[in-house]
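Here is the structure we will look at.
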Amino acid sequence: MSISAEEVKKVAHLARLAVPDEQLEGYVRNLSNILKLVGQLQAVDTAGVEPMAHPLDMAQRLREDVVTENNHREQYQAVAPEVENGLYLVPKVIE
């Protein structure tokens with residue numbers, strides 16, 4: 481799959497990017513190469529391949545989930561303009 485110069489101009493306009501005319505052919509060539517690579521990747525049969533979260537088979541080092549700070553909600557909400565059931569009430573912004 482390839483992309484035309486007009487399509488590159490249209491996408492650049494939508495993305496609010498300035499693409500100088502002298503660089504347009506380079507963008508067309510590079511984007512066409514990217515689209516060809518995507519086409520090759522889509523052509524690969526991935527049936528039966530289990531999705532991976534990470535390409536390397538490594539265990540993720542995680543820290544313990546321990547509370548390190550006291551609950552100060554009551555103090556913080558005492559100075560809030562409006563609070564209800566432990567939630568901050570704010571003015572409606574979107575109609």
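Here the sequence shown is numbered in our numbering, starting from 481 and rising by one per residue. Virtual Cβ for every residue (Gly too), placed ideally from N, Cα, C. Predicted model, so just to flag it, every value in this text is computed and none were measured.
Where does the unbroken alpha helix (DSSP H) through residue i begin, and where does it stop?
i	result
R509	D501 to A523
L494	A485 to L494
Q555	R553 to A558
Could you tell me whether the Cβ atoms of residue i and residue j are closer together than 7 Å?
i	j	result
V518	Y507	no
L504	I483	no
E575	L569	no
L515	M481	yes
Between which residues of its own chain and residue i is the CB-CB distance below 8 Å, once the five residues before and five after are set aside?
i	result
K490	none
E530	none
With a threshold of 7 Å on Cβ separation, who are the neighbours of residue i within its own chain once the five nearest residues in sequence on each side are excluded?
i	result
R553	G566
V559	none
A492	V499
If you count every other CB in all the chains shown that lies within 10 Å of the CB of residue i, and 16 or more means buried, which is it?
i	result
V488	buried
For residue i, which residues of its own chain have a beta-carbon under 6 Å away from its beta-carbon, when the five flanking residues on both sides are left out?
i	result
Q540	none
Q577	Since the first and last residues shown for the chain are 481 and 575, residue 577 lies out of range.
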